[in-house]
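Q: According to numbering that gives the first Met the number 0, the sequence shown is numbered sequentially starting from 0.
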Amino acid sequence: MIAALHVQQGGLHTTVQDLGRYGWQAMGVPVSGALDATALRVANTLVGNAPDLGALEILGTGPVLEINATRVRLALAGGDASIQLLSPNRRDLPSFESFCLRRGDVLRIGSLTKGAVTYLAIEGGLDLPLVLGSHSTYTRGRFGGYHGRILA
């Protein structure tokens, strides 16, 4: 489902995270995964996903995303950040509720004002390959998530 989103600006530090990869620590691979597992589970539940699916983990300032799908249902949960629909009609969107956007809509997630991390879940999850059983990004190892890196 990542193709449903075009990243116009990646934000300060936006990655794909799920609940992590287990069973590889003896080989030097860290668990990785969500910094706030509860917030990830809440965001996924709000859009009807399994609680452990990967979502966008946002630290600091959030991304600006353009919707490239006919319709997509999203939810933001975790630390407080503003969510704005920039086009076609500028308006604020709620946290801790799901909302639907359509092709051409542009979404901006502002800076976190309370808390350190928030999660943007996408209905149906992210269409990315599992790496060692997880979608979590491990930037130091350059694997998982979206090509092993932050969104830019």
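All C-beta atoms, glycine included, are put in the ideal place defined by N, C-alpha and C.
#1: If you draw a straight line from the alpha carbon of Gly55 to that of His134, how long is it in whole angstroms?
#2: Starting from Thr37, trace the alpha helix (DSSP H) in both directions and tell me its first and last residue.
#3: List the whole-angstrom C-beta distance separating Thr117 from Leu84, where the pair is believed to meet the contact cut-off of C-beta under 8 Å.
#4: Any contact of the stretch 12-30 with the stretch 79-99, i.e. 3+ C-beta pairs under 8 Å?
#5: Mind pulling the beta strand (DSSP E) runs of 3 or more residues that sit fully within the stretch 93-117?
#6: Quick one: Cα of Leu150 to Cα of Val6, how far?
#7: Below 8 Å, can you find three or more Cβ-Cβ pairs linking the stretch 100-107 to the stretch 31-49?
#8: Evaluate Leu34 with the Cβ neighbour count: other Cβ atoms within 10 Å of its Cβ, from every protein chain shown; 16 or more gives buried, anything less gives exposed.
#9: Can you give me the C-alpha to C-alpha distance between Gly124 and Ala115, rounded to a whole angstrom?
#10: With distances taken Cα to Cα, identify the nearest neighbour of Ala36 among Leu4, Gln16, Met26.
#11: Can you give me the Cβ contacts of Asn67 inside the same chain, cut-off strictly under 7 Å, excluding the 5 residues immediately before and after it?
#12: Is the CB-CB distance between Gly77 and Ala120 below 7 Å?
#13: Does the distance from the CB of Leu64 to the CB of Leu106 come in under 7 Å?
#14: Could you give the C-beta distance for Ser143 and Val130, rounded to a whole number, given that I count them as a contact under 8 Å?
#15: From Ser97 to Ser81, what distance separates their C-alpha atoms?
A: So, to answer that:
#1: Sequence inspection shows Leu at residue 55; the Gly mentioned does not correspond to that position. Approximately 11 Å, taken between the alpha carbons.
#2: 36-45
#3: No, Thr117 and Leu84 are not in contact; Cβ-Cβ is about 17 Å, not under 8 Å.
#4: no
#5: 97-101
#6: 7 Å
#7: no
#8: exposed
#9: 23 Å
#10: Gln16
#11: Ala2, Ala3, Leu4, His5, Arg102
#12: no
#13: yes
#14: Residue identity check: residue 143 is Gly in the sequence provided, not Ser. Indeed, because the Cβ distance is near 4 Å, the residues count as touching under 8 Å.
#15: 14 Å
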